[in-house]
Amino acid sequence: MGVVEFELARVVHAPIDDVFARLADINGYDEWMPRQGSIRRHSEQTSPDPSALGTTYVDRTLAGRTPGEIAEYDRPTRLVFHWWDKSKRGKVHAEGWPAYRLEAKGDHTTLVHHHVKLETHGVYRAATPLFHWMAVRERTTTVEALQASFGHHHDD
């Protein structure tokens, strides 16, 4: 098994509840996530609203459809997604756990810690360095889009 793990942190100028709500709203990702610089094309929640522990979704990406679920849900401080890529026979090629830990830094400022863990299995292990590069690029695009979705400030 190959493992990729890293963390990014960004200040978002919005209340912690608003930041958590935006991250938990899977169907809303198309409104604030850019297409340029991202492999994600569309996200769709596949279980009933509202988002909660166990909520399922599918991301359409340049590499195909990727199912996932909310693995941890602790409003307003922690949200962990779990996605996987399996063969038609059910063998897992790769899976990831994009996690967000939010810290209120005042009424209108939130520090977003974005921890990423990705595992590659079988022949996909050889592609772990490529997965690492793609994950850093994708996750950086995500947190910067989240930050920008609440507006820019000159003190970032």
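For the sequence shown, the working numbering gives the first residue as 1207, with consecutive numbering after it. Each residue gets a CB set at the ideal place from its N, CA and C atoms; glycine is no exception.
Selected residue, minimal CA-CA separation from residue i, among the options
i            : options             : result
residue 1273 : 1265, 1279 and 1294 : 1265
residue 1161 : 1269, 1333 and 1275 : Past the edges of the chain, shown from 1207 to 1362, lies residue 1161, and the structure says nothing about it.
residue 1233 : 1245, 1242 and 1253 : 1253
residue 1340 : 1267, 1281 and 1275 : 1267
residue 1212 : 1244, 1331 and 1305 : 1305
residue 1263 : 1329, 1288 and 1337 : 1288
Contact set for residue i: own chain, Cβ-Cβ below 7 Å, skip 5 residues either direction
i            : result
residue 1218 : 1225, 1316, 1318, 1352, 1353 and 1356
residue 1214 : 1320, 1345, 1346 and 1349
residue 1231 : 1257
residue 1220 : 1314, 1316 and 1356
residue 1281 : 1226
residue 1362 : Because residue 1362 sits at a pLDDT of 43, beneath the cut-off of 50, its placement in the model cannot be relied upon, and the following sentence gives the value as read from the coordinates. Excluding positions up to five away in sequence, the list reads 1217.
Range covered by the alpha helix (DSSP H) that runs through residue i
i            : result
residue 1349 : 1334-1355
Residue i: first and last residue of the uninterrupted beta strand (DSSP E) it sits in
i            : result
residue 1297 : No beta strand (DSSP E) holds residue 1297; DSSP gives it neither H nor E.
residue 1318 : 1316-1326
residue 1329 : Element bounds for residue 1329: n/a, residue is neither H nor E.
residue 1273 : 1270-1280
residue 1292 : 1284-1292
Outcome for residue i when other beta-carbon atoms lying within 10 angstroms are tallied against a minimum of 16
i            : result
residue 1209 : exposed
residue 1343 : exposed
residue 1325 : buried
residue 1251 : buried
residue 1322 : buried
residue 1285 : buried
residue 1229 : buried
residue 1296 : exposed
residue 1302 : buried
residue 1360 : At residue 1360, the pLDDT of 45 sits below 50, so the modelled position is not reliable and the matter cannot be decided from this model.
Residues near residue i by beta carbon distance below 8 Å, same chain, minus five either side
i            : result
residue 1298 : 1290, 1291, 1292 and 1327
residue 1311 : 1217 and 1317
residue 1283 : 1222, 1226, 1307, 1308 and 1309
residue 1241 : 1247
Contacts around residue i, its chain only, beta-carbon distance under 6 Å, and the 5 residues preceding and following it disregarded
i            : result
residue 1331 : 1208
residue 1271 : 1264
Hey, which unbroken runs of the alpha helix (DSSP H) at 4 residues or more fall wholly within the stretch 1208-1258?
Qualifying alpha helix (DSSP H) stretches, in chain order: 1222-1230 and 1235-1238.
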